[in-house]
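The block underneath contains the structure these notes are about, expressed in structure tokens.
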Amino acid sequence: MREMRTCEFRDLGRAGYAEALAIQKQLVEQRKQGLIPDQLLIVEHPHVITLGRNGHRENLLASEEVLQRAGIEFYPSDRGGDITYHGPGQIVGYPILDLREWKRDVVAYVRAVELAIIDALADFDIHAGRLDGCTGVWVNGGKVAAIGVHISRWVTSHGFALNHTTDLNYFHYIVPCGLTKPVTSMEALGSRAGRDEVVAALVRQFAKHFQFEDYTGKNACVTTMETIS
Amino acid sequence: MTDVVMPQMGESIVEGTLTKWLKKPGEHVERDEPLFEISTDKVDTEIPSPAAGVLKEVLVEEGKTVAISTVVGRIEEGAGNGASASAPAAAKQAPAIQAPAAPAPPPKAPEPAPQPIAQAAQEPQPAAQADGDSQTGALSPLVRKIAREYGIDLRQVKGTGGGGRITKQDLEAYMSAQGARTMAQAGAPAPSPSAAPAAPTPAPPGAAPARPAAAAPAASIPTTPMPRAEAPRARVEAMSTMRAKIAEHMILSKRTSAHVTTVHKTDMTKIAKMRERHKTEFQQRYGYSLTYLPFVIAAAVEAIRAYPIVNASIEGNNIIYHNEINIGIAVALENGLIVPVIRNADEKNVTGLQRSIVDLSTRARSRQLKPDEVQGGTFSITNFGSFGSVFATPIINQPQVAILGVGSVEKIPVVVDDAIAIRSVAYLALTFDHRLIDGAVADQYTGKVKSILENWAEEVL
Chain S
8 MREMRTCEFR DLGRAGYAEA LAIQKQLVEQ RKQGLIPDQL LIVEHPHVIT LGRNGHRENL
68 LASEEVLQRA GIEFYPSDRG GDITYHGPGQ IVGYPILDLR EWKRDVVAYV RAVELAIIDA
128 LADFDIHAGR LDGCTGVWVN GGKVAAIGVH ISRWVTSHGF ALNHTTDLNY FHYIVPCGLT
188 KPVTSMEALG SRAGRDEVVA ALVRQFAKHF QFEDYTGKNA CVTTMETIS
Chain D
93 MTDVVMPQMG ESIVEGTLTK WLKKPGEHVE RDEPLFEIST DKVDTEIPSP AAGVLKEVLV
153 EEGKTVAIST VVGRIEEGAG NGASASAPAA AKQAPAIQAP AAPAPPPKAP EPAPQPIAQA
213 AQEPQPAAQA DGDSQTGALS PLVRKIAREY GIDLRQVKGT GGGGRITKQD LEAYMSAQGA
273 RTMAQAGAPA PSPSAAPAAP TPAPPGAAPA RPAAAAPAAS IPTTPMPRAE APRARVEAMS
333 TMRAKIAEHM ILSKRTSAHV TTVHKTDMTK IAKMRERHKT EFQQRYGYSL TYLPFVIAAA
393 VEAIRAYPIV NASIEGNNII YHNEINIGIA VALENGLIVP VIRNADEKNV TGLQRSIVDL
453 STRARSRQLK PDEVQGGTFS ITNFGSFGSV FATPIINQPQ VAILGVGSVE KIPVVVDDAI
513 AIRSVAYLAL TFDHRLIDGA VADQYTGKVK SILENWAEEV L
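Here the protein sequences line up with chains S and D, keeping their order. Taking this note's numbering, the leading residue of the first sequence gets 8, the next gets one more, and so forth. Taking this note's numbering, the leading residue of the second sequence gets 93, the next gets one more, and so forth.
What follows is the structure, encoded as structure tokens:
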């Protein structure tokens with residue numbers, strides 16, 4: 008009885024926050040109209056600090072002027088969650104799913120995203136888990152992936168940000184997600200995995216946890232993050 | 093009156109925080125139009141209105157958490173007196189975004205918006221009005237207004253609201269479909285602002301696949317699915333991270349250094365003979381073949397000892413002479429290029445260098461290199477000869493100041509002591525940073541490499 012569910016996967020490579028947001032918005036509209044199947048966008052943002060709709064500006068620890076000098080953009084956003092940082096070395100995922108075709112349950116959705124990331128990290132011998140009351144993915148008390156979601160008519164947007172080789176110093180400008188807990192990255196946890204491998208693992212786990220029989224790669228050009236000299 | 097309740101957003105959810113009312117009391121709201129937002133566990137959700145009408149009462153303030161099914165507000169249904177309330181809402185939608193759907197007034201289309209809208213409003217529209225009264229049921233003022241503005245024949249629109257009523261969403265869906273069809277047929281750029289940045293122009297760097305949406309203003313009327321309706325003239329693909337980095341590095345280098353290339357013809361006959369002699373035994377003993385490259389690296393390293401400036405970098409107005417000789421070896425990958433580094437290459441003999449080359453290039457191709465294995469190079473060698481190139485002008489690998497390119501080794505007739513002989517010859521091309529290295533020094537260095545190779549005496553095995 009269940010129809011075959013498909014997810015289109017696109018790796019946008021490096022893209023500005025506003026640019027990726029515009030792409031998300033268009034895809035969300037198309038998804039609402041049923042013109043396209045579910046989507047998973049993967050992107051790497053330049054330095055940007057974003058504030059969720061219900062975020063607290065006092066969690067921004069630097070003035071916008073200071074940020075500007077440090078080359079960091081500041082962007083109020085309509086996702087859930089508080090304040091966060093995106094930047095090079097981070098794997099940002101924006102699933103655009105119609106939850107009516109999966110489960111009409113926003114909490115189950117967030118838990119499934121967490122699980123997909125946890126299972127993907129296990130591929131790289133990182134034992135991650137959840138922390139009660141603190142959405143996100145945690146390893147030894149450090150947050151390795153943040154989650155912030157927006158839902159309109161059961162269609163999801165925004166998503167998760169996994170610190171792969173992120174320069175964690177940039178988190179000093181904020182109180183991440185309003186929590187005074189440390190952040191960490193796969194690199195800081197000793198993983199040498201390349202970006203392509205991690206993205207591939209995320210896509211695989213994502214397909215598993217959301218029961219996609221099939222996902223189609225679009226521009227799935229995945230490469231290592233190592234310095235190309 | 094219709095009660096607006098806190099919805100259940102999932103099995104385990106018993107309460108929700110109302111974070112924002114998107115409408116104020118007294119404002120008109122369409123059925124399914126976002127009415128308020130709730131927040132549960134890092135998820136913000138827009139809740140659509142259960143009915144069309146005027147938001148009469150707000151019972152739960154922003155910031156309050158209430159149990160599911162709690163009545164948070166009330167809506168008074170009926171569109172009759174909504175005229176004044178809906179007018180501003182309609183005006184907000186109006187800015188002529190969705191022109192493509194209107195077949196009626198083609199000559200007017202290119203004109204600035206305000207004038208035609210006013211005219212359209214005054215013009216008698218028999219079609220729309222007749223429909224409104226007949227089978228389409230009660231229409232909200234907003235739906236009437238949109239239909240009038242865009243000249244939509246409401247008989248063509250399928251209503252999905254209560255009793256087959258046509259809602260704003262039905263109109264939008266209809267217009268999107270029409271818009272897509274129009275574009276597919278005509279292929280002409282529609283006057284809609286969102287159509288402007290569509291495909292035909294060559295992709296700007298870093299353009300993402302769904303680019304056309306970027307400029308579309310976030311009005312609540314959805315954009316038409318343009319990328320699908322148009323036959324593509326080019327395929328747009330985001331650069332891989334590696335490709336973007338290569339591009340960045342190449343341009344950075346060209347901007348930084350004053351590139352000059354000098355080419356020395358080098359007689360590789362002695363090396364060729366030595367390779368020939370040891371080929372089989374080397375392969376048997378080590379499991380990989382002996383190539384020309386380790387000889388070139390060894391010669392380049394020895395020549396660096398004589399001309400250390402080739403192994404330097406520039407920092408501001410200072411010259412940094414590196415004590416280590418770390419040689420980067422360019423390795424071609426399926427979709428790019430990586431330069432792993434042989435550290436302390438001066439401490440290795442030809443066999444050791446050959447082993448490093450095989451190890452690093454194998455792991456480069458299987459993406460197994462560690463980050464520190466692609467960093468810290470002080471000089472680079474690129475072996476384009478292995479792809480058949482006789483000579484090329486490589487780009488310096490910043491912050492280094494020189495790179496040696498090795499052309500293919502070919503047997504050619506040369507004049508030796510006034511006699512024609514067959515020799516194995518390769519061109520060695522040194523690209524150097526003329527800011528730091530003068531032409532004379534570059535040629536002395538390359539001449540030294542040449543002389544070491546031509547007079548190679550040391551046995552390999």
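Even glycine gets a Cβ: it sits at the ideal position worked out from N, Cα and C.
- Annotation for residue 46/S: the continuous beta strand (DSSP E) segment containing it runs 45-51.
- If you draw a straight line from the Cα of residue 190/S to the Cα of residue 490/D, it is about 33 Å long.
- Spatial neighbours of residue 420/D in its own chain (CB-CB distance under 6 Å, excluding positions within 5 residues in sequence) are listed in chain order as 431, 433, 469, 472 and 489.
- Note on geometry: alpha-carbon atoms of residue 374/D and residue 397/D lie some 28 Å from one another.
- Neighbours of residue 111/D in chain S, taken as residues at a C-beta separation under 8 Å, are given in chain order as 60 and 61.
- When only Cα atoms are considered, residue 116/S and residue 47/S end up about 14 Å apart.
- Among the residues of chain D, those whose CB is under 7 Å from the CB of residue 157/S are 136, following chain order.
- Scanning chain S for C-beta atoms nearer than 9 Å to the C-beta of residue 101/D yields 111, 112, 113, 114 and 158, reported in chain order.
- Of 364/D, 505/D and 538/D, the smallest CA-CA separation from residue 394/D is found for 538/D.
- With a threshold of 7 Å between beta carbons, residue 201/S makes contact with chain D.
- Here the region 378-390 of chain D lies against the region 447-462 of chain D, with 3 or more beta-carbon pairs under 8 Å apart.
- Less than 7 Å separates the beta-carbon of residue 60/S from that of residue 136/D.
- Taken through DSSP and simplified to helix, strand or coil, residue 95/D comes out as strand.
- With contacts defined as CB atoms closer than 7 Å, residue 417/D and residue 437/D qualify as a contacting pair.
- Chain S places a beta carbon closer than 7 Å to that of residue 462/D, counting this residue as a contact.
- In this structure, residue 209/S lies away from residue 163/S, with their beta-carbon atoms at least 7 Å apart.
- Residue 265/D reaches chain S at 40, counting residues in chain order whose Cβ is nearer than 9 Å.
- Following the DSSP letters along the chain, one finds residue 202/S in no beta strand (DSSP E) but inside the alpha helix (DSSP H) bounded by residues 202-216.
- Counting only the Cα atoms, residue 154/S lies some 18 Å from residue 54/S.
- Residue range 442-457 is occupied by the alpha helix (DSSP H) that includes residue 453/D.
- Taking a C-beta distance under 7 Å as the contact criterion, residue 160/D and residue 93/D do not qualify as a contact pair.
- Secondary structure at residue 387/D: helix, using DSSP grouped into helix, strand and coil.
- Counting C-beta atoms within 10 angstroms of its own C-beta, residue 413/D has fewer than 16 neighbours from the protein chains shown and is therefore classed as exposed.
- Annotation for residue 333/D: the continuous alpha helix (DSSP H) segment containing it runs 333-348.
- Here residue 418/D carries a coil assignment [DSSP, helix/strand/coil].
- For residue 24/S, the enclosing alpha helix (DSSP H) stretches over residues 24-39.
- Cβ atoms of residue 52/S and residue 93/S come within 8 Å of each other, at about 4 Å.
- Among the residues of chain D, those whose CB is under 8 Å from the CB of residue 51/S are 333, following chain order.
- Residue burial annotation: residue 66/S is buried, with at least 16 other C-beta atoms found within 10 angstroms of its C-beta.
- Note: residue 153/S is bridge-paired with 168/S in the DSSP secondary-structure output.
- Interface with chain S (7 Å Cβ-Cβ cutoff): residue 166/D is excluded.
- Residue 508/D is bridged by DSSP to 511/D.
- Looking at the backbone, the Cα of residue 247/D and that of residue 121/D are separated by about 24 Å.
- Residue 87/S has a beta carbon lying within less than 7 Å of a beta carbon in chain D.
- The bridge partners DSSP lists for residue 412/D are 405/D.
- Residues of the same chain with a CB within less than 6 Å of the CB of residue 461/D, apart from the 5 flanking positions on each side, are 432 and 455 in chain order.
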